[in-house]
Structures are given as structure tokens and as C-alpha cells.
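Quick note on the numbering used here: the sequence shown kicks off at 459 and runs consecutively. Here is the structure we will look at.
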Amino acid sequence: MIQPYLDMVETEGETSLLYFGGRFSHAVRRNAMLVEGAGEPEQGNDHGELRVPEPDQLALAERVLGEFPEVLYARVDLVRLADGAPALIEVELTEPYLFLRYAPGAAADLARALAGAL
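Here is the structure:
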């Protein structure tokens with residue numbers, strides 16, 4: 459994977475929107491954290507805070523996921539560009555970290571999506 463450097467990932471973090479069975483479950487804002495001994499910021503998978511995404515972020519995530527209608531679970535990672543527009547930086551479809559501990563109903567949402575797929 460190749461991604462351009464975006465300084466807002468370090469300064470503002472990114473917003474991860476989680477979907478189970480095509481339905482929005484929850485969102486987490488991930489902030490860059492300093493890795494001990496490395497001296498450089500790194501996105502930690504389990505370092506974030508639960509948040510409510512803005513309507514434009516939901517719209518972008520759902521437009522992107524419209525390209526993958528049969529996906530059981532997905533994580534859509536977004537940032538805000540300097541002009542305020544949301545921008546897609548990554549879509550995780552095979553091994554996403556799902557941030558289940560941040561949203562009390564998220565594990566049940568995932569279980570329902572799994573049961574529905576069976």
C-alpha cells in the first residue's frame with residue numbers, strides 16, 4: 459500500500475467508521491501516538507476515542523462501501539483536508555481492527571451481521 463504523507467493524520471488524527479453487514483455501527487477517532495524509543499508518531503490500532511461522524515463523513519464512507527455491497531465488515535478511514543472536505547485514506551475489508559471495546563453495542567452488531575450472513 460502506498461499513501462501520501464498527510465500531516466493532518468499526525469495533528470488531527472483520522473476517523474475510522476466501522477460497518478457490519480453494510481450498516482454503520484460506530485466511529486472512532488484515531489490519533490497519532492509516539493512509539494516509545496522510535497521518536498516518530500505511529501497510528502496505534504487501539505488508541506482512539508468514540509465519536510459521532512459528521513454527515514459528510516458518513517456520506518463519503520457509504521458511497522465508498524457502495525462499491526463493495528457484499529462485504530461482511532469494513533473499516534473506512536477518513537481525514538479532513540485543509541479545505542474541510544473529508545477524504546478517504548484507507549478501506550480495510552479483510553483484517554480491520556474493529557474497535558469493539560469503544561461502542562457497547564458493536565459486538566452485538568457484528569454478531570447480527572455474522573448470523574445474517576449464515
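The beta-carbon is built from N, C-alpha and C at its ideal position, and this holds for glycine as well. Because the structure is a prediction, the values reported are computed rather than measured.
Within its chain, find whatever has a CB closer than 8 Å to the CB of residue i; leave out the 5 residues flanking it on each side and keep chain order.
i      : result
Gly542 : none
Ile547 : Gln461, Leu464, Val467, Glu472, Asp535, Leu536 and Val537
Arg509 : Thr473, Ala485, Val486 and Arg487
Rank the options by C-alpha distance to the C-alpha of residue i and give the top, closest one.
i      : options                           : result
Ala573 : Tyr531, Arg487, Glu472 and Gly506 : Tyr531
Gly479 : Glu470, Gly506, Arg509 and Arg533 : Arg533
Glu525 : Pro544, Leu551 and Leu508         : Leu551
Ala564 : Ala575, Val486 and Glu470         : Val486
Arg570 : Ala519, Tyr477 and Arg488         : Tyr477
Glu507 : His484, Leu523 and Arg521         : His484
Glu528 : Leu539, Leu576 and Leu475         : Leu576
Arg489 : Phe482, Thr469, Leu475 and Arg481 : The residue you asked about is not Arg; residue 489 is Asn in the sequence shown. Taking only the C-alpha atoms, the option nearest Asn489 is Thr469.
Tyr555 : Pro544, Leu539 and Leu568         : Leu568
Which first and last residues belong to the alpha helix (DSSP H) in which residue i is found?
i      : result
Pro544 : Counting along the chain, Pro544 falls outside any alpha helix (DSSP H), though it belongs to the beta strand (DSSP E) covering Pro544 to Glu550.
Leu539 : Taken as a continuous stretch (DSSP letters only), Leu539 belongs to no alpha helix (DSSP H), as it is neither H nor E.
Val522 : Pro513 to Leu523
Arg570 : Ala564 to Ala575
So if DSSP puts residue i in a beta bridge, which residue, or which two residues, is it bridged to?
i      : result
Leu475 : Ala485 and Val534
Phe506 : Before going on, a small fix: residue 506 reads as Gly here, not Phe. Looking at the DSSP assignment, Gly506 forms a beta bridge with Arg488.
Between residue i and the rest of its own chain, which residues show a CB-CB distance below 7 Å, the 5 nearest in sequence each way excluded?
i      : result
Phe482 : Leu475 and Leu516
Val549 : Val522, Ala532 and Val534
Glu498 : At Glu498, the pLDDT of 46 sits below 50, so the modelled position is not reliable; the number obtained from the coordinates is stated separately. Nothing listed; no residue qualifies.
Pro544 : Asp514, Gln515, Leu518, Leu536 and Arg538
To which residues of the same chain is residue i closer than 6 Å at the C-beta, ignoring the five residues directly before and after it?
i      : result
Ala519 : Leu475 and Val534
Ala566 : none
*Between the region 551-570 and the region 510-517, do three or more beta carbon pairs fall short of 8 Å?*
As far as the Cβ criterion goes, the region 551-570 does not touch the region 510-517, which means the pair count is below three.
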